[in-house]
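Right, one structure below, let's go through it.
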Amino acid sequence: MSADLGPSWAATAAAVDRAAANFLDTVSDRLPGLLPERDHTVVFAALGRLAGGVDDTAGRAAALAVLARAHRGVGLLPQHADLLGDALLAAVARENRAHWTAALAGGWERGLRRAVTAVRRAAARVGDGPAWWRAEVVAHDRATDGVAVLTVRPRRPLPYRPGQAVPVCAPRRPGAWRWYSPANAPRPDGTVELHVRAVAAGTVSGTLVDGVRPGEPLLLGPPCGISLLLDPSPWHDLLLVAGGTGLAPLRALVEQLAAAPDGRRVTLVAGARTPADLYDRATLAELEAAHEWLTVVPAYSHDPAAGPAEQGDALTVALRHHAGDQEVHLCGPPPMVAGARLRLLAAGVPADRIHLPDTFDR
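Using our numbering, count along the sequence shown one by one with no gaps and you end on 365.
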């Protein structure tokens, strides 16, 4: 966050969220017909957090994807930028009245102009479609310490492809969006499974793991990303390398192949610190038992009792299973992904057979 936008990241984020909660009283009557009233708060909060720079790069990109669709669908910006901007500045000023200065007001005005410009540019690039899909949490399971598996049902089918990611927002924290990849291929009943690990100071992840319960609403933004999608031509077998909840999009790829086998053999290496941390073992065992072309290999980075073939981080174990004709798809925590390309290249994997997740950092 820019230093001139408020006393702290947390205070600015809280100010925007509180201001969003009161948005209908300040400006919605001057935006007739643009959006349903229940959507005004989400748009206002997302724009405010984007203007204040109160999220990390990926979080801002998720919010931008949603705002760009909203603009493209209803012409919300730039026609109403002044109106929204005035309301935003007034609301944040009220929430930060003890710290509000001319310099702070100027910083917010500059941040708002940057946010509006970013939304305009993004709207020119995104495709048509809804800004978000309303969904209901139908199941919430604590898979292991700090990890939850959520099953959500969108009211309308979510048109995603296995390997893609979607922005997710809990309406109790309007405006805060984070990327999550569905862990399943599209199902006849339309449900989507999300794997969420709570991270320190994670506004969305903490809410999804510890706060959300069945029956509560979620918002799912437009699916994005192409880097992990399967090549439709079954020329090469697959080596899938998962670290932690990076398992989700790779399991979706396995389910895609299970629905339409094409002759490819698949080795899925699922990494965790210890066996207790490998939260999706039962589902992986069921998939392996049902499909002779699938081999699941656990990798334990912090378990001295593991067998020699299972000891090590996910990529180290995966390279023991690498064959020259495999495509490699890898997903996991940022440090794992950051060093993966160089390690794979050094191991002799051709660059065009390395598939890492989209970073959403622009």
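The beta-carbon is built from N, C-alpha and C at its ideal position, and this holds for glycine as well.
- Here Val69 is near Ala134, since their CB atoms are less than 7 Å apart.
- Bridge pairing for Thr270: Leu242, Thr298 [DSSP].
- C-alpha of Ala273 to C-alpha of Pro264: approximately 21 Å in a straight line.
- Straight across, the Cα-Cα distance linking Trp238 with Val119 is about 45 Å.
- A check of alpha carbon separations from Pro336 across Ala151, Ala54, Ala251 identifies Ala251 as the nearest.
- Burial check for Ser208: the Cβ neighbour count within 10 Å reaches 16 or more, so the residue is buried.
- For Ala146, there is no enclosing alpha helix (DSSP H); the residue is found in the beta strand (DSSP E) stretching over 136 to 147.
- Residue pairing by DSSP places Pro189 opposite no residue, since no beta bridge is assigned to it.
- Between Asp361 and Gly228, the gap from beta carbon to beta carbon is short of 7 Å.
- Under the DSSP assignment, Gln259 falls in the alpha helix (DSSP H) whose first and last residues are 250 to 262.
- Counting only runs of 4+ residues, the alpha helix (DSSP H) found wholly inside the stretch 42 to 100 occupies 60 to 77, 84 to 98, in chain order.
- The DSSP-derived three-state label of Glu313 is helix.
- Minimum Cα-Cα distance from Val202 among the listed residues Leu359, Asp148, Pro174 corresponds to Asp148.
- A Cβ-Cβ separation of about 5 Å places Leu322 in contact with Ala350 under the 8 Å criterion.
- If you draw a straight line from the Cα of Leu107 to the Cα of Arg116, it is about 14 Å long.
- With distances taken between CA atoms, His324 lies nearest to Val300 out of Val300, Ala49, Arg344.
- Residue state for Trp180 is assigned as coil, using DSSP reduced to three classes.
- Taking 7 Å as the cut-off, the beta carbon of Leu232 is found no closer than this to the beta carbon of Leu161.
- Spanning the alpha carbons of Ala96 and Thr270 requires a straight line of approximately 55 Å.
- A Cβ-Cβ separation of about 7 Å places Arg216 in contact with Val140 under the 8 Å criterion.
- In terms of Cβ geometry, Arg268 and Asp240 form a close pair [threshold 7 Å].
- Cβ-Cβ distances below 7 Å link Ile357 to Val331, Arg344, Leu347 in the same chain, with the five nearest sequence neighbours on each side left out; the list follows chain order.
- For Ala179, same chain residues with a beta-carbon under 6 Å away, outside a window of 5 residues either side, are Thr206, Val207 in chain order.
- Look at Ala203 here: in three-state DSSP terms it is coil, with no helix or strand label.
- By alpha-carbon distance to Ala146, the top candidate from Leu242, Asp316, Tyr282, Leu297 is Tyr282.
- Here Thr277 is not near Asp316, since their CB atoms are 7 Å or more apart.
- Note on geometry: alpha-carbon atoms of Val352 and Pro338 lie some 20 Å from one another.
- Only exposed fits Gly214, as fewer than 16 other CB atoms lie within 10 angstroms of its CB.
- In this chain, Pro353 is not harboured by any beta strand (DSSP E), its DSSP state being neither H nor E.
- Assigned with DSSP and collapsed to three states, Arg284 falls in helix.
- For Thr154, the enclosing beta strand (DSSP E) starts and ends at 150 to 157.
- Residue range 169 to 172 is occupied by the beta strand (DSSP E) that includes Val171.
- A check of alpha carbon separations from Gly130 across Gly247, Leu86, Pro226 identifies Pro226 as the nearest.
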